[in-house]
Structure formats: C-alpha cells, structure tokens
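Participant: According to the numbering used here, the sequence shown is numbered sequentially starting from 9. No residue lacks a Cβ here, since even glycine has one placed at the ideal position from N, Cα and C. Here it is, the structure in full.
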Amino acid sequence: MRASGLTCIEGAAKKPLLVVDDAVYQVWEGLNPTERYCTLLETWLLRGHPEIIGERRGFLFRIPDTFREWQWFFLRIPDGGLSVAGDEGVKDSLRYWPDWHNLGLLELFGLISVQHGPPEPGKGWRIEWIERTPLGDALLALLQARFFGDIDNILELESEEKMPFGVLQPALQPYLPEWKNNLSVPEWAFREGTHVFKVSLGRIWRRIAIPADQTLDAPASAILNAVEFDHDHLYKFSYQNRFGVLERVNHPYMDEGPWTDEVLIGDLPLRVGQTMTYVFDFGDWWEFDVTLERVDPDMAIERPVVLEKHGKPPAQYGW
Numbered sequence: 009m010r011a012s013g014l015t016c017i018e019g020a021a022k023k024p025l026l027v028v029d030d031a032v033y034q035v036w037e038g039l040n041p042t043e044r045y046c047t048l049l050e051t052w053l054l055r056g057h058p059e060i061i062g063e064r065r066g067f068l069f070r071i072p073d074t075f076r077e078w079q080w081f082f083l084r085i086p087d088g089g090l091s092v093a094g095d096e097g098v099k100d101s102l103r104y105w106p107d108w109h110n111l112g113l114l115e116l117f118g119l120i121s122v123q124h125g126p127p128e129p130g131k132g133w134r135i136e137w138i139e140r141t142p143l144g145d146a147l148l149a150l151l152q153a154r155f156f157g158d159i160d161n162i163l164e165l166e167s168e169e170k171m172p173f174g175v176l177q178p179a180l181q182p183y184l185p186e187w188k189n190n191l192s193v194p195e196w197a198f199r200e201g202t203h204v205f206k207v208s209l210g211r212i213w214r215r216i217a218i219p220a221d222q223t224l225d226a227p228a229s230a231i232l233n234a235v236e237f238d239h240d241h242l243y244k245f246s247y248q249n250r251f252g253v254l255e256r257v258n259h260p261y262m263d264e265g266p267w268t269d270e271v272l273i274g275d276l277p278l279r280v281g282q283t284m285t286y287v288f289d290f291g292d293w294w295e296f297d298v299t300l301e302r303v304d305p306d307m308a309i310e311r312p313v314v315l316e317k318h319g320k321p322p323a324q325y326g327w
C-alpha cells in the first residue's frame with residue numbers, strides 16, 4: 009500500500025502512523041477491479057523495494073529485483089509442486105528466496121497456490137506445499153517477453169526522475185483490456201516558510217531555523233558551525249520519501265546526484281516530525297539526526313539561525 013502511494017506516514021518520528029491518503033484513495037475508488045489488480049501488481053514489481061519494510065536494499069538498479077526473484081523461484085518449483093513440510097533446507101531458503109513478503113504476495117496475486125499446515129504457537133507461517141498456478145506461469149512468460157527481457161526498458165526507467173504509473177500497461181492491456189486508467193499521486197509542491205529543525209548528535213542537540221529558499225548546503229554548513237567542526241570533508245543527507253524508499257542528496261563534489269547545492273529546503277518532501285540523516289566525513293562518520301519540528305510561515309529570516317543549544321559539542325578529531 010505504501011509503495012503505491014495509497015498510504016503515507018504521519019505523526020512524530022517516535023510514533024509514526026500509517027494512514028490512508030484521502031486524495032489518492034479517491035482516485036483508487038474510481039478504478040475497476042482489473043485496474044486495481046494491475047496497479048498493485050505493477051507497484052509490487054516496479055516500486056516494491058524491500059527496504060520499505062526494513063529488508064535489504066538492492067544496489068544495481070533503482071527498480072527492485074522482484075521480477076527476477078519471482079522468475080528464479082519458479083525455476084525451483086517442479087511441475088508437480090514444491091514440498092516444504094519436513095524439509096528444513098527448503099523452509100530455511102524461503103526466507104531468503106523469494107523472501108516471506110514476496111512469497112505472500114505471490115499467493116495474494118494468484119501466482120502460486122500454497123497448501124497451509126495447521127498453525128502452531130511460535131512456528132510462524134506453516135507451509136506444506138507450493139505450486140505454480142497457470143496464471144503465474146502465463147504472467148511470468150508474458151512480462152519476460154514483453155518488458156523485463158529487454159534491458160532497454162529497464163534503463164529507460166532508470167532515467168526517469170520519478171517512476172510513472174502504467175508502465176506495464178502496454179504489455180498487459182492486450183490480454184487485460186479493462187486496464188484503461190491508472191492511479192495518480194499528487195506531486196509535491198514547494199513549501200514556503202521557515203523550516204525549524206532539531207539536529208541531534210547523541211545527547212547534544214541544536215535547534216536551527218532555515219528559510220525555504222535555501223539549498224541543503226545551508227543546513228550542512230549551519231550544523232557544522234553549530235558543533236564547531238571544520239568544513240573539510242564530504243557529506244550527504246538521506247531520508248525516506250513518501251513511498252518509503254531511501255533518497256540521498258550528496259555533496260556537490262560527489263559523482264552521483266542529486267546534489268545539496270541544487271535541492272531547496274522547501275522542495276524536501278518531509279512531513280513535520282520526520283527525521284533525515286546527515287552524515288559528515290565518511291571516514292569518521294559523524295551521523296546527525298535532523299528532525300523537522302515545524303514550518304513557521306511568520307518567521308522572516310534570510311539565512312540559517314541557531315535558535316537553541318543543548319550540550320557541549322564533541323571534539324571533531326581524537327588527536
């Protein structure tokens with residue numbers, strides 16, 4: 009749900025809540041059952057990053073490896089099905105390949121059939137037998153032939169700034185003609201006002217106000233000044249976007265963008281109460297928590313201002 013944009017996180021960092029996005033849900037209500045199924049299937053395959061639920065993060069492409077994991081898992085399932093009960097090796101492998109969340113979604117999408125064992129306290133998901141379904145075999149072959157088998161399709165998605173909806177529609181619509189409309193998620197709009205952040209490093213913290221029209225270089229410098237550090241190392245910011253995927257904004261001298269001298273504070277899609285991470289000096293790895301406490305439309309400042317200090321800063325170097 010979060011990867012589709014139907015839900016989002018609200019609340020403070022210590023007590024975040026997963027809530028339905030009313031605007032996106034209204035669009036969802038207008039979709040027919042085929043469009044809903046295809047939207048969720050595409051979301052799983054193209055936006056369902058494991059890191060959203062705290063699993064490992066992929067590194068090769070921006071899109072997850074879900075399709076390949078589905079494909080390789082099906083190669084393990086014989087035509088007569090895969091026996092799981094009593095085989096500790098098979099049971100143990102499922103947690104890694106295709107992973108429990110993917111296994112559950114394969115069943116929910118009707119791509120596999122699972123014979124469940126009787127539940128036992130503390131035993132988790134009891135699985136006795138797994139079979140591929142005709143739908144699973146057909147969809148896997150179709151998507152391989154019409155989309156995932158062409159690396160140019162993947163590279164084209166990699167070049168997109170944001171993942172669009174309906175990417176798989178040309179491949180599936182000839183077989184699912186009821187797929188006519190797609191889900192849409194409102195774009196983030198520049199947020200005016202002075203952004204007030206609480207910057208924490210262990211037990212010490214600083215409260216810093218920054219105008220919306222400043223770039224991320226402004227808090228980077230303000231934080232270092234506030235803890236009396238030299239500015240002689242690279243740094244990066246990272247935060248979860250509304251879909252739960254980790255976004256990074258890097259020092260201008262780093263090869264991979266986006267870069268801190270280009271991203272404005274008002275363009276950061278942070279909710280009030282959300283924390284981003286600021287890492288300075290990749291050798292010593294000074295890691296600051298930067299929490300957006302509020303956005304003040306009436307506070308007029310032209311540059312970052314330290315509003316409050318708590319605690320003595322540590323020595324930057326231990327020699």
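Mind reading off the beta-carbon distance from Leu224 to Tyr247? Whole number of angstroms is fine, and I expect it under 8 Å.
Facilitator: The pair is not a contact, with the Cβ atoms about 11 Å apart (cut-off 8 Å).
Participant: Which residues bound the alpha helix (DSSP H) around Arg55?
Facilitator: Taken as a continuous stretch (DSSP letters only), the alpha helix (DSSP H) holding Arg55 covers Pro41 to Arg55.
Participant: Out of curiosity, what's the CA-to-CA distance linking Gly291 and His203?
Facilitator: Gly291 and His203: Cα-Cα distance of roughly 30 Å.
Participant: Alpha carbon to alpha carbon, how far is Glu236 from Ile218?
Facilitator: Spanning the two alpha carbons is a distance of roughly 18 Å.
Participant: Which of the three DSSP states, helix, strand or coil, is assigned to Trp80?
Facilitator: The answer is helix: DSSP assigns Trp80 an H, G or I state.
Participant: Go ahead and pull the three-state DSSP assignment for Lys23.
Facilitator: DSSP places Lys23 in coil when its eight states are reduced to three.
Participant: With Gln34 as the anchor, note down where its alpha helix (DSSP H) starts and where it stops.
Facilitator: From DSSP, the alpha helix (DSSP H) with Gln34 extends over Asp30 to Glu37.
Participant: Quick one: measure Cβ to Cβ for His241 and Asp297, integer angstroms, because I've assumed they're closer than 8 Å.
Facilitator: No, His241 and Asp297 are not in contact; Cβ-Cβ is about 19 Å, not under 8 Å.
Participant: For Ala153 and Lys317, what's the separation of their Cα atoms in angstroms?
Facilitator: Each residue's Cα considered, the two are about 59 Å apart.
Participant: Can you tell which of Leu114, Arg44, Lys170 and Gly157 has the C-alpha that lies nearest to the C-alpha of Arg70?
Facilitator: For Arg70, the nearest C-alpha among the options comes from Lys170.
Participant: Just to check my reading of the structure: Leu163 and Cys46 have Cβ atoms closer than 8 Å, yes? What is that Cβ distance to the nearest angstrom?
Facilitator: Contact flag wrong, Cβ pair sits at about 23 Å.
Participant: Closer than 8 Å by C-beta to Trp187: which residues in its own chain qualify, once you throw out the five before and the five after it? Chain order, please.
Facilitator: Answer for Trp187: Thr42, Glu43, Cys46, Gln177, Leu180 and Gln181, listed in chain order.
Participant: Output yes if chain D places a C-beta closer than 8 Å to the C-beta of Gly130; else output no.
Facilitator: Among the chains in the structure shown there is no chain D, since it carries only a single protein chain.
Participant: Excluding five sequence neighbours on each side, which residues of the same chain lie with their C-beta closer than 8 Å to the C-beta of Ser91?
Facilitator: The residues are Val98, Glu136 and Trp137.
Participant: Can you list, in chain order, the stretches of the beta strand (DSSP E) that have 3 or more residues and sit fully within the stretch 112-151?
Facilitator: Listed in chain order, they are 120-124 and 135-140.
Participant: Flag this pair as yes or no: are the beta carbons of Ala323 and Tyr286 separated by less than 8 Å?
Facilitator: Contact flag unset, no.
Participant: Do you know whose CA, among Gly94, Thr141 and Pro127, lies nearest Leu116's CA?
Facilitator: Leu116 has its Cα closest to that of Thr141, out of Gly94, Thr141 and Pro127.
Participant: To which residues of the same chain is Asp221 closer than 8 Å at the C-beta, ignoring the five residues directly before and after it?
Facilitator: So the qualifying residues of the chain are Leu272, Ile273 and Gly274.
Participant: Whether or not the stretch 203-214 and the stretch 256-265 are in contact is what I'm after, with contact meaning three or more pairs of Cβ atoms, one per stretch, closer than 8 Å; do they touch?
Facilitator: Output reads no: the stretch 203-214 does not touch the stretch 256-265.
Participant: Helix, strand or coil: which one does DSSP assign to Arg154?
Facilitator: The answer is helix: DSSP assigns Arg154 an H, G or I state.
Participant: Residues in its own chain within less than 7 Å of Leu14 by CB, not counting five upstream and five downstream?
Facilitator: Within the same chain, Leu14 has close Cβ partners Val28, Asp29, Val32, Tyr33 and Trp36.
Participant: Where DSSP assigns a beta bridge to Ala217, which residues make up the other side?
Facilitator: DSSP lists Val204 and Val313 as partners of Ala217.
Participant: State yes or no: is the C-beta of Arg55 within less than 8 Å of the C-beta of Phe251?
Facilitator: Yes, Cβ-Cβ distance for Arg55 and Phe251 is below 8 Å.
Participant: For the alpha helix (DSSP H) containing Glu164, name the first residue and the last one.
Facilitator: Counting along the chain, the alpha helix (DSSP H) containing Glu164 begins and ends at Ile159 to Ser167.
Participant: Since I believe Gly89 is in contact with Glu139 (beta carbons under 8 Å), could you give me their beta-carbon distance rounded to a whole number of angstroms?
Facilitator: Right, the Cβ-Cβ distance comes to about 4 Å (below 8 Å), so this counts as a contact.
Participant: Pick helix, strand or coil for His241, following the three-state DSSP scheme.
Facilitator: In the structure shown, His241 sits in coil (DSSP, three-state: anything other than H, G, I, E or B).
Participant: Report all residues from its chain with a CB closer than 7 Å to the CB of Val253; omit the five preceding and five following residues, and keep chain order.
Facilitator: Only His57, Glu59 and Ile60 meet the Cβ criterion.
Participant: According to DSSP, is Leu180 helix, strand or coil?
Facilitator: In this structure, Leu180 counts as helix in the three-state DSSP scheme.
Participant: By Cβ distance, which residues of its chain are closer than 7 Å to Glu295, with the 5 residues on each side in sequence left out?
Facilitator: Closer than 7 Å at the Cβ level, and outside the excluded window around Glu295, lie Thr285 and Val287.
Participant: So is Pro214 buried or exposed if we call it buried at 16+ other beta carbons inside 10 Å?
Facilitator: First, the amino acid is wrong: residue 214 is Arg here, not Pro. Under this definition Arg214 is a buried residue.
Participant: Can you give me the Cβ contacts of Phe156 inside the same chain, cut-off strictly under 6 Å, excluding the 5 residues immediately before and after it?
Facilitator: If we look at Phe156 and ignore the five residues flanking it on each side, its Cβ neighbours are Phe75.
Participant: Starting from Met284, follow its DSSP beta bridges and name the residues at the other end.
Facilitator: DSSP, once it has assigned bridges, lists Val298 as partnering Met284.
Participant: Which of the three DSSP states, helix, strand or coil, is assigned to His318?
Facilitator: Three-state result, His318: strand.
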